[in-house]
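Numbering (my numbering), first residue to last: 23 to 487.
All C-beta atoms, glycine included, are put in the ideal place defined by N, C-alpha and C.
Presented below is the structure to which this report refers.
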Amino acid sequence: MNVIAGRLPPRVAMLAAFKDAGILNAADLFVCDALLNAIAAPADLDAAIVLGLALAVRAPREGHVCVELADIAERLAGYVASGGLAWPQPADWIRALSACPALVSDAASAHSLPRRPLVLADGRLYLARAWEDELQLAARLTQWARQPAIVSPAPLYTAGISPDQLAAMQLLLAGQLGVLTGGPGSGKTTTIARVLLDLLHVAPPAFQFAVAAPTGKAASRLHEVLLAACRQAGAPENVLLRVQAAHSSTLHRLLGYAPQHAGTRYKFNASNPLACDLLIVDEASMVSLPLMARVVAALRPDARLLLVGDPDQLVSVEAGSVLADIVRVPPAKGTHPVLRRVARLTQSHRFVPGSAMAALAASMAAGDADATLAVLSSARADVRWIDPLADAEQLRALELEVGRHAQQIAAHAAAGDAVAALNSLFFLRTLCAHRHGAGGVNAWNALIERQVHPAAGERWFVGLP
23 MNVIAGRLPP RVAMLAAFKD AGILNAADLF VCDALLNAIA APADLDAAIV
73 LGLALAVRAP REGHVCVELA DIAERLAGYV ASGGLAWPQP ADWIRALSAC
123 PALVSDAASA HSLPRRPLVL ADGRLYLARA WEDELQLAAR LTQWARQPAI
173 VSPAPLYTAG ISPDQLAAMQ LLLAGQLGVL TGGPGSGKTT TIARVLLDLL
223 HVAPPAFQFA VAAPTGKAAS RLHEVLLAAC RQAGAPENVL LRVQAAHSST
273 LHRLLGYAPQ HAGTRYKFNA SNPLACDLLI VDEASMVSLP LMARVVAALR
323 PDARLLLVGD PDQLVSVEAG SVLADIVRVP PAKGTHPVLR RVARLTQSHR
373 FVPGSAMAAL AASMAAGDAD ATLAVLSSAR ADVRWIDPLA DAEQLRALEL
423 EVGRHAQQIA AHAAAGDAVA ALNSLFFLRT LCAHRHGAGG VNAWNALIER
473 QVHPAAGERW FVGLP
């Protein structure tokens with residue numbers, strides 16, 4: 023087969039230099055060739071058109087929804103070996119793509135039959151599915167943002183919350199759509215719990231709500247913390263029982279994902295919506311455009327949706343960053359209805375105001391390297407900086423401390439004491455900025471494994487990192 027032999031199909035062989043430069047891979051080019059075959063494209067198709075198609079196929083692999091034709095060459099300049107590549111001029115590129123109606127449609131004709139693989143809109147080139155997802159998601163969110171909530175109670179559970187949390191509650195209670203964003207420790211979960219309690223206070227017994235997140239761990243943790251926050255707020259026992267019984271799952275499980283489902287692969291969709299009056303989605307920064315589009319399509323038109331997350335946290339491994347795209351528009355410039363449904367929490371409740379930890383978190387969130395290094399080198403009590411190149415003795419002491427902690431966890435686990443093992447696990451965490459290298463995940467795991475590995479030398483053992 024050509025893939026094994028390292029050869030490219032004739033239609034895409036002209037892009038070999040882009041593959042050699044690391045911009046495209048073989049999969050991109052073979053998918054591109056299959057699409058060209060599907061529309062019976064001529065063998066002498068303009069190279070600019072073929073390149074545009076290949077880059078659109080590549081985009082989701084890199085986490086992007088589309089290709090910005092005006093600056094894609096500049097964005098990818100780091101890939102290019104000396105001598106560069108033959109990039110089309112943006113204006114010529116757009117003209118060439120627009121002149122290929124068998125492959126490319128514009129925004130006005132994107133829904134016409136037969137469907138084309140690509141959509142060209144405002145200088146951006148999309149795969150048709152990504153264009154449809156973006157368009158449909160934007161339309162539904164805009165519709166909800168313009169709709170006041172059917173039931174809009176005044177905040178009732180307000181004891182002990184900050185002014186910005188109260189303002190967020192008022193905004194979230196007033197509409198069908200709500201977006202709550204804030205950094206770690208800003209009180210997002212507490213705010214959502216109070217909103218939920220206020221809604222349950224006026225909702226009929228048949229009111230159904232669910233909590234979901236991209237991962238099972240995040241969904242379980244959200245449910246657990248929501249229940250604790252509701253209990254702390256003084257919710258009556260019958261309400262606590264409703265919160266405890268609420269459906270909590272991953273988004274895929276909520277939608278009934280199964281590969282065997284025809285067409286959508288999801289049991290719940292626009293034709294078979296979820297029996298849900300309120301959906302709370304946590305860790306929304308990790309939700310991709312395709313998944314968010316499926317979630318929104320599966321909700322009834324009268325349902326409420328609350329998106330919760332921090333755009334500076336983990337992003338989706340798939341294409342699109344819906345939460346970040348919504349909240350990163352400055353509030354002063356946000357005139358779109360969806361932007362007016364965003365509540366921002368800016369006060370951290372996790373760190374003591376004025377502490378080194380608070381300053382460190384703020385400088386890192388702002389991407390200010392100089393301020394971060396200044397805090398780390400300030401010798402304040404709650405932050406300690408160990409320079410691995412200059413403080414070999416302190417680094418070794420830290421490695422021994424981490425190793426002893428791992429041994430303690432393994433000892434509890436080997437004894438069958440799960441509670442003690444989990445409690446010990448929460449006492450010390452090692453976070454790494456990268457996977458490889460001297461300070462990466464692999465290096466720390468290898469160090470821990472050497473300290474925990476039993477003398478007998480089994481491959482699998484309790485405490486294996």
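In the assembly as shown, R29 is an exposed residue. Its beta-carbon has fewer than 16 other beta-carbons within 10 Å. Cβ-Cβ separation between P236 and M308: approximately 4 Å, consistent with a contact (criterion under 8 Å). Linking T180 to S120 through their CA atoms gives a straight-line distance of about 56 Å. Of all alpha-carbon atoms in H475, L193 and I214, the one lying nearest the alpha-carbon of A433 is that of H475.
For the pair I408 and L417, the CB atoms are nearer than the 8 Å cut-off.
Going by C-alpha positions, A215 is about 41 Å away from L422. For D128, the enclosing beta strand (DSSP E) stretches over residues V126 to D128. Annotated as proximal: A428 and Q473, with beta-carbon spacing under 8 Å.
Between the alpha carbons of L199 and A99 lies a distance of about 40 Å. Under DSSP, R366 forms a beta bridge with T203. Around the CB of S343, 16 or more other CB atoms lie within 10 Å, so the residue is classed as buried. DSSP, read as helix, strand or coil, puts F290 in coil. Contact annotation: W109 and A92 have beta-carbon atoms that are not nearer than 8 Å. For F231, the enclosing beta strand (DSSP E) has its first and last residue at F231 to A235. Using a 10 angstroms sphere on the CB of K239, the tally of other CB atoms stays under 16, which defines it as exposed. Bounds of any alpha helix (DSSP H) do not take in C454, whose DSSP letter is neither H nor E.
Nearest in C-alpha terms to K289, of all of I302, L77, L300 and R275, is R275. Runs of the beta strand (DSSP E) lying entirely within the stretch 156-219 and spanning at least 3 residues, in chain order: 199-204. By the CB criterion at 8 Å, L159 and L140 fall outside the cutoff. With contacts defined as CB atoms closer than 8 Å, A76 and L107 fail to qualify as a contacting pair. From the listed residues A443, L420 and Y279, the smallest Cα separation to W466 is found for L420.
Within the DSSP bridge table, the entry for S270 names V233 as partners. Assignment of beta-bridge partners to I302 by DSSP yields V233 and L328. The bridge partners DSSP lists for V141 are S127 and Y148. For C88, the uninterrupted beta strand (DSSP E) segment begins and ends at C88 to E90.
Cβ-Cβ separation between D50 and R33: approximately 13 Å, too far for a contact (criterion under 8 Å).
The beta carbons of L311 and V87 sit about 6 Å from each other, so the pair counts as a contact at 8 Å. Cβ-Cβ separation between A306 and V330: approximately 6 Å, consistent with a contact (criterion under 8 Å). Beyond the five residues adjoining it in sequence on each side, W115 comes within less than 7 Å, by CB distance, of A70, G74 and L91 in the same chain, given in chain order. Distance from the Cα of Q230 is smallest, within the candidate group S131, I302, P185 and E156, for I302. Judged by DSSP secondary structure, G85 falls outside any alpha helix (DSSP H); it is assigned neither H nor E. Annotation: A60 to D68 spans about 17 Å, alpha carbon to alpha carbon. Between the alpha carbons of A325 and N464 lies a distance of about 45 Å. Pairing H371 with S208 gives a Cβ-Cβ distance under 8 Å.
The beta carbon of Y148 lies closer than 6 Å to those of C88 and V141 in the same chain, with the five residues before and after it left out.
Of the candidates A129, P136 and R151, A129 places its Cα closest to the Cα of G145.
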